[in-house]
Amino acid sequence: MISMLKGEVIQATTGSVTVMVSGVGYHVHVPAGLDQSTPVGEELTLYTMLLFRQDSLTLYGFSDPRQREIFSLLLEVSGIGPKTAMTILSSIEPRRFLEEVVSENSAYLMGLPGIGKKSAQRIVLELKERISRQLKIMPRVKTGDFGEDAVAALMTLGYSEAQARKAVGSVAADSVEELVRRSLRELI
2 MISMLKGEVI QATTGSVTVM VSGVGYHVHV PAGLDQSTPV GEELTLYTML
52 LFRQDSLTLY GFSDPRQREI FSLLLEVSGI GPKTAMTILS SIEPRRFLEE
102 VVSENSAYLM GLPGIGKKSA QRIVLELKER ISRQLKIMPR VKTGDFGEDA
152 VAALMTLGYS EAQARKAVGS VAADSVEELV RRSLRELI
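Here is the structure:
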């Protein structure tokens with residue numbers, strides 16, 4: 002399987018890019034916005050998924066692994082194919098999508114392009130349990146605007162995102178510096 006591509010964008014069209022990697026051009030379907038955010042000639046890293054269908058091999062690319070993971074989850078929902086999954090990914094913030102599924106917010110899901118009431122109910126029914134396990138591994142940081150800064154600081158110190166989020170989520174502080182200090186105490 003092709004898990005990641007890193008190379009020069011040689012062509013960008015609506016919904017896809019062609020990336021040149023070691024002399025080979027890969028045509029990759031991407032969420033809307035990503036196809037136009039990287040100009041031709043720039044280097045691009047895509048986290049990819051290769052889908053085998055009855056009559057084709059299709060490569061889908063994403064700007065981060067979490068988008069790829071959500072794409073994979075959506076494909077497991079009956080009635081949702083790659084086109085609908087890409088449309089959904091083009092209009093969501095990944096973390097919020099996961100939280101809305103776990104909280105069974107069908108109204109939010111029905112507001113997504115291509116998702117009606119039945120599809121929203123299927124997404125909740127088929128994905129809620131799996132996503133809630135993942136969210137427990139990656140707890141949300143609830144310490145104000147500087148929580149994400151503290152997570153980033155801990156990650157630059159060599160901790161994984163999961164470790165950093167868990168530590169930051171378990172302490173409270175009034176500044177980034179204090180939050181990082183207290184989080185480090187939790188990690189050590």
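Quick note on this note's numbering: the sequence shown kicks off at 2 and runs consecutively. Beta carbons: idealized from backbone N, C-alpha and C, even for Gly.
Per-residue burial, residue i [other beta carbons within 10 Å of its own, 16 or more giving buried]
{"i": "SER4", "result": "exposed"}
{"i": "LEU51", "result": "exposed"}
{"i": "ILE138", "result": "Residue confidence is low: ILE138 scores 45 on pLDDT, short of 50, so the model does not pin down where it sits. Its coordinate-derived value is still stated next. Looking at its Cβ environment, which holds fewer than 16 other Cβ atoms inside 10 Å, ILE138 is exposed."}
{"i": "ALA13", "result": "buried"}
{"i": "LEU6", "result": "buried"}
{"i": "ASP175", "result": "exposed"}
Rounded distance between the beta-carbons of residue j and residue i, thought under 8 Å
{"i": "ALA173", "j": "SER184", "result": "Not confirmed; about 11 Å, so no contact."}
{"i": "ASP63", "j": "PRO114", "result": "The amino acid occupying residue 63 in the given sequence is Phe; Asp does not appear at that position. Between PRO114 and PHE63 the Cβ distance is about 17 Å, and since that is not below 8 Å, they are no contact."}
{"i": "VAL29", "j": "GLY8", "result": "About 10 Å; that fails the 8 Å criterion."}
{"i": "GLU162", "j": "VAL152", "result": "7 Å"}
{"i": "THR19", "j": "GLY26", "result": "5 Å"}
{"i": "GLY42", "j": "VAL10", "result": "7 Å"}
Other residues of its chain near residue i: CB distance less than 8 Å, five sequence neighbours each side excluded
{"i": "VAL125", "result": "VAL102, GLU105, SER107, LEU110"}
{"i": "THR59", "result": "HIS30, LEU51, LEU52, PRO83"}
Chain-order list of residues whose beta-carbon lies under 7 Å from that of residue i (same chain, five-residue window excluded)
{"i": "GLU179", "result": "none"}
> Three or more beta-carbon pairs under 8 Å between the stretch 87 to 99 and the stretch 66 to 76, yes or no?
Replying inline: The stretch 87 to 99 makes contact with the stretch 66 to 76, as at least three CB pairs between them are under 8 Å.
>> Threshold first: 4 residues or longer. Then list the alpha helix (DSSP H) segments lying entirely within the stretch 90 to 140, N to C.
In response: 95 to 103, 107 to 111, 118 to 138
> Which ranges would you report for the beta strand (DSSP E) in the stretch 27 to 81 if only whole runs of at least 3 residues count?
Replying inline: 44 to 54, 57 to 63
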